[in-house]
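Chemist: Chains as they are written, first to last, in the working numbering: chain A, 1 to 309; chain B, 310 to 574. Have a look at this one before I ask anything.
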Amino acid sequence: MTIASLLAALPASVAQGLLWGIMAIGVFITFKILDIADLTVDGSIALGGAVAVMAITHGVSIGVAMVLATVSGLAAGLVTGILHTLLGIPDILAGILSQISLYSINMNIMGKSNQAVSVDRFPLLVTLRDIPHTVIMAAIFLVVLIAILYWYFGTEQGAMIRATGCNVNMARAQGINTNLCKVIGLALSNGLVALSGALIAQYQGNADVNMGRGAIVIGLAAVIIGQVISEALFKRQINFALRMLFAAIGAVIYYMVITFVLWLGLPSQDMKLFSAIVVAVFLAVPYLKGKWNTSFAHAEINDTEGVED
Amino acid sequence: MLELKNIRKTFNKGTINEKPALRGVNLTLEDGDFATVIGGNGAGKSTMLNAIAGVWPLDAGKVIINGTDVTHIPEYKRAKYLGRVFQDPMTGTAADMQIMENLSLAYRRGKSHGLRWSITRAEKEKYHELLKELDLGLEDRMTSKVGLLSGGQRQALTLLMATIQRPELLLLDEHTAALDPKTAAKVLELTDKFVNEGKLTALMVTHNMHDAIAHGNRLIMMDEGRIIIDIKGEEKKKLTVEDLLAKFEQVSGSEFDSDKALLSK
């Protein structure tokens with residue numbers, strides 16, 4: 001438990017944070033743009049990992065394997081979108097249904113709960129054995145993806161999706177097929193999440209059917225941490241590309257905090273509890289602040305302050 | 310322009326809360342008609358507008374806009390014929406998007422949305438000119454989020470969005486009811502301007518009898534899901550509140566029950 005051991009662990013947490021940052025951008029699309037908490041991601045991150053590892057170990061080139069993983073995620077999001085829009089299932093429940101089905105699907109893809117992929121045998125894009133290389137690769141992925149998404153959400157189609165998430169009634173009155181927009185957004189989000197899963201699987205050297213458990217919580221934590229920091233730095237007026245970048249930075253900070261509390265001696269089995277508490281606190285604080293500002297108690301304090309003046 | 314043929318809608322059918330909202334509404338609007346719609350609470354005014362906009366399917370009847378039967382066309386596809394302004398200023402605009410982004414969405418109403426950039430430079434200039442005409446200083450705040458605007462500013466912007474592409478029919482659903490009297494007057498003034506300059510066909514629901522009489526060339530009064538009075542031309546021009554109340558009593562056999570409509574000047 002020396003400072004040196006903490007510092008030694010930090011580069012790995014940056015690498016991990018950047019890889020999970022891609023997933024955080026996916027969560028940003030559903031949670032911040034579409035205003036949907038999409039639970040599919042727990043399944044689609046493992047789906048991306050499973051598809052990529054099985055493809056790579058069966059001799060498919062890395063590039064094609066990455067594309068296959070991304071497409072599988074798009075399909076998973078598409079299913080959630082259809083369950084939600086065409087079949088009228090509430091968004092959270094639609095995500096849970098997809099997530100649960102993906103457990104079986106991922107087991108079928110891999111044939112067992114865990115499949116290894118060795119960096120010694122395959123030219124993997126990232127690996128925990130080469131942290132600096134991983135950090136650079138992950139950063140390149142992030143920059144390219146953010147550039148593409150920034151362009152896409154600036155187009156007519158992207159504006160349509162943003163309007164749907166912002167005000168469904170307005171969007172429909174402007175002739176926007178809001179159901180289609182939700183499906184596109186969910187597919188896009190899960191495509192990114194699966195891409196992230198494919199990279200994470202390569203990084204850790206295996207795909208595991210449980211690798212996505214609690215991923216939504218990490219994603220939400222990253223998005224919220226990123227938002228809080230960007231608001232503190234820029235006072236709300238912030239460019240769309242930066243907002244996505246901060247979601248990814250949020251993931252890096254999340255992993256650095258995790259490394260730190262593990263170093264402090266928190267048992268690793270308590271990590272998920274810790275993550276959930278962090279997310280709950282960050283989600284609750286703005287609500288409670290708003291409630292306090294409009295409460296009777298607050299009005300009373302203002303009143304007394306007024307008298308003293 | 311607009312034909313409503315015996316349209317019917319009952320909410321919560323088969324439950325204890327069953328509410329027949331439209332009981333066979335027939336209406337034909339000519340090209341360029343600006344009809345105000347008045348009636349007590351629950352008379353079916355807003356329901357009629359929602360029926361035209363296609364918010365939900367009808368139980369019976371037909372909605373025909375400019376010769377096209379739109380009865381079975383979903384809300385988002387009907388939008389290309391319609392400009393809409395709602396009672397709640399929050400409803401008509403996207404709060405988290407910029408003023409010019411909102412305008413660009415309205416500018417593309419009913420068109421396909423491709424992968425072109427959502428606002429062109431030429432559009433920005435056009436929006437700047439149009440916002441200037443509103444005389445609210447919004448032309449200098451084109452990149453501000455709409456959520457930062459006041460209710461009146463948002464309604465004026467929604468009005469601009471509803472008419473930026475000439476709609477076959479403009480639907481105004483008590484669009485000044487949530488505003489203070491001064492702002493409401495300004496928004497009504499803008500409404501007249503847009504309707505007259507664009508020679509638009511419009512339906513304006515209002516709670517205010519004076520407004521209903523002062524604006525438009527036609528006045529429709531609804532009661533219990535039906536149109537009971539339809540006044541146009543010279544008769545509409547000479548109409549007073551007293552005339553209207555007398556007519557209502559004569560037709561419906563009861564007294565007009567909306568204090569809000571009577572008291573608001």
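For glycine and all other residues, C-beta sits at the position ideal for the given N, C-alpha and C.
Which of the three DSSP states, helix, strand or coil, is assigned to A:Pro132?
Modeler: Of the three classes helix, strand and coil, the one that applies to A:Pro132 here is helix, per DSSP.
Chemist: As a quick exercise: from A:Ala147, A:Ala37 and A:Val144, pick the residue whose alpha carbon is nearest that of A:Pro90.
Modeler: Residue A:Ala37 is the option with its Cα nearest to A:Pro90.
Chemist: Determine the chain A residues that contact B:Asp405 at a beta-carbon separation under 7 Å, and present them in chain order.
Modeler: Within chain A, the residues near B:Asp405 are Cys166.
Chemist: Hey, quick one: how far does the alpha helix (DSSP H) through A:Ala75 stretch, first residue to last?
Modeler: Counting along the chain, the alpha helix (DSSP H) containing A:Ala75 begins and ends at Ile62 to Thr85.
Chemist: Under 7 Å Cβ to Cβ from B:Lys545, same chain only, skipping five residues before and after it: list those, please.
Modeler: Around B:Lys545: Asn526, Arg527 and Leu528.
Chemist: DSSP on A:Ile229, reduced to helix/strand/coil?
Modeler: It is helical.
Chemist: In the DSSP assignment, the alpha helix (DSSP H) including A:Met244 goes from what residue to what residue?
Modeler: Per DSSP, A:Met244 belongs to the alpha helix (DSSP H) from Phe240 to Leu264.
Chemist: Taking the alpha-carbon positions, what's the B:Leu338 to B:Lys354 distance?
Modeler: Approximately 15 Å between the Cα atoms of the pair.
Chemist: If I measure Cβ to Cβ from A:Asn179 and keep anything under 6 Å in the same chain, skipping five residues before and after, which residues do I get?
Modeler: Around A:Asn179: Thr85.
Chemist: At which residues does the beta strand (DSSP E) containing B:Gly392 begin and terminate?
Modeler: Leu391 to Val394 is the span of the beta strand (DSSP E), which, as asked, contains B:Gly392.
Chemist: Among B:Val334, B:Ala471 and B:Arg430, which one has its Cα closest to the Cα of B:Thr402?
Modeler: B:Thr402 has its Cα closest to that of B:Ala471, out of B:Val334, B:Ala471 and B:Arg430.
Chemist: Are B:Leu478 and B:Leu391 touching if we call contact CB-CB under 8 Å?
Modeler: For B:Leu478 and B:Leu391, yes; Cβs fall inside 8 Å.
Chemist: With 8 Å set as the bound, which would you pick, yes or no: does the beta-carbon of B:Leu311 sit closer than that to a beta-carbon of chain A?
Modeler: Chain A, which has no Cβ nearer than 8 Å to the Cβ of B:Leu311, makes this no.
Chemist: For A:Ala297 and A:Lys291, I'd like the C-alpha separation in whole angstroms.
Modeler: When rounded, the distance between both Cα atoms is 10 Å.
Chemist: Would you call the segment 475-490 of chain B in contact with the segment 431-451 of chain B, where contact means no fewer than 3 C-beta pairs closer than 8 Å?
Modeler: These segments do not touch.
Chemist: What residue does the beta strand (DSSP E) around B:Met531 start on, and which one ends it?
Modeler: Its beta strand (DSSP E) spans residues Arg527 to Asp532.
Chemist: What are the residues in the segment 230-254 of chain A lying within 8 Å of chain B by C-beta distance?
Modeler: The residues in question: there are none.
Chemist: Just the chain B side, please: which residues come within less than 8 Å of A:Ile96 by C-beta, in chain order?
Modeler: Neighbours of A:Ile96 on chain B: none; closest Cβ ~27 Å, over 8 Å.
Chemist: Taking CB distances under 8 Å as the criterion, tell me whether A:Asn177 reaches chain B.
Modeler: So yes, A:Asn177 belongs to the interface.
Chemist: So, do the segment 212-227 of chain A and the segment 58-73 of chain A have three or more beta carbon pairs nearer to each other than 8 Å?
Modeler: Output reads no: the segment 58-73 of chain A does not touch the segment 212-227 of chain A.
Chemist: Whose C-beta lies closer than 8 Å to the C-beta of A:Phe153 among residues of the same chain, with five residues either side of it excluded?
Modeler: So the list reads Ile33, Ala159, Ile161, Arg162 and Phe240, once near-sequence residues are dropped.
Chemist: In this structure, does DSSP put A:Ile140 in helix, strand or coil?
Modeler: Helix at A:Ile140.
Chemist: If you draw a straight line from the C-alpha of A:Ser275 to the C-alpha of A:Gly81, how long is it?
Modeler: Between A:Ser275 and A:Gly81, the C-alpha separation is close to 27 Å.
Chemist: Confirm, please, whether the CB-CB distance from B:Arg393 to B:Ala362 is below 8 Å.
Modeler: Cβ distance < 8 Å, so B:Ala362 and B:Arg393 count as in contact.
Chemist: Measure the C-alpha to C-alpha separation of B:Pro398 and B:Leu468 and round it to an integer number of angstroms.
Modeler: For B:Pro398 and B:Leu468, the distance between alpha carbons rounds to 10 Å.
Chemist: Quick one: give me the first and last residue of the alpha helix (DSSP H) that B:Asn359 is part of.
Modeler: Taken as a continuous stretch (DSSP letters only), the alpha helix (DSSP H) holding B:Asn359 covers Lys354 to Ala362.
Chemist: Using a Cβ-Cβ cutoff of less than 8 Å, which residues in the same chain neighbour A:Val317 once the five nearest sequence positions on both sides are dropped?
Modeler: Lying before the first or after the last residue shown, residue 317 of chain A is absent from chain A, which here runs from 1 to 309.
Chemist: Output needed for A:Ile238: all residues of its chain with C-beta closer than 6 Å, excluding positions within five of it in sequence on either side, in chain order.
Modeler: Here the set comprises Ser230.
Chemist: Expressed to the nearest angstrom, what Euclidean distance is found between the alpha-carbon atoms of B:Asp405 and A:Gly21?
Modeler: Looking at the two C-alpha atoms, the distance is approximately 24 Å.
Chemist: Along the beta strand (DSSP E) that carries A:Ala116, what are the first and last residues, could you check?
Modeler: Looking at the DSSP string, the run of the beta strand (DSSP E) that includes A:Ala116 is Asn114 to Ala116.
Chemist: Leaving out five residues on either side along the sequence, give the residues of the same chain with a beta carbon under 6 Å from the beta carbon of B:Asp539.
Modeler: Only Ile529 meet the Cβ criterion.
Chemist: Report back the beta-carbon spacing between B:Leu447 and B:Gln462 to the nearest angstrom; my notes put them in contact at under 8 Å.
Modeler: That belief holds up - the Cβ atoms of B:Leu447 and B:Gln462 are roughly 7 Å apart, short of 8 Å.
Chemist: Apart from the five residues on each side of it in sequence, which residues of its chain come closer than 8 Å, Cβ to Cβ, to A:Arg129?
Modeler: Cβ within range, chain order: Val119.
Chemist: Check each residue of the segment 423-447 of chain B: if its Cβ is closer than 7 Å to any Cβ of chain A, include it; give the result in chain order.
Modeler: The residues in question are Gly423, Leu424, Arg425, Trp426 and Ser427.
Chemist: Mapping the DSSP letters down to three states, classify B:Phe320 as helix, strand or coil.
Modeler: Looking at B:Phe320 - three-state DSSP - the assignment turns out to be strand.
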